[in-house]
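Residue numbering for the sequence shown follows our numbering, starting at 0 and increasing by one per position.
Each residue gets a CB set at the ideal place from its N, CA and C atoms; glycine is no exception.
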Amino acid sequence: MREIGAILDGVSNRLKREHNDRAWAVWHIEALSRQKKLPKLKDLLHDAPKKSKRRQTVEEQIAIAHRWTAAVTRH
Numbered sequence: 000m001r002e003i004g005a006i007l008d009g010v011s012n013r014l015k016r017e018h019n020d021r022a023w024a025v026w027h028i029e030a031l032s033r034q035k036k037l038p039k040l041k042d043l044l045h046d047a048p049k050k051s052k053r054r055q056t057v058e059e060q061i062a063i064a065h066r067w068t069a070a071v072t073r074h
């Protein structure tokens, strides 16, 4: 029974997400239709290219792991 409940919860969450996605699209279509000048598409897209961040060195990762371990073991 728990498995069926989990499936139904997943379906319910999917339906809510799909509804919210459609509501978001409709709202933005209406809002953008009122604009005299449309914003650039790249500014509206979520996955717009971002500057690549500097990769952490091994030493930085080890230092972070030590700080995290110290913070966790204090409690």
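{"Item": "Whole-angstrom distance between residue 30 and residue 23, CA atom to CA atom", "Value": "10 Å"}
{"Item": "Boundaries of the alpha helix (DSSP H) in which residue 75 is found, first to last residue", "Value": "Because the chain here runs from 0 to 74, residue 75 falls outside it and cannot be looked at."}
{"Item": "Alpha-carbon spacing of residue 44 relative to residue 14, whole angstroms", "Value": "23 Å"}
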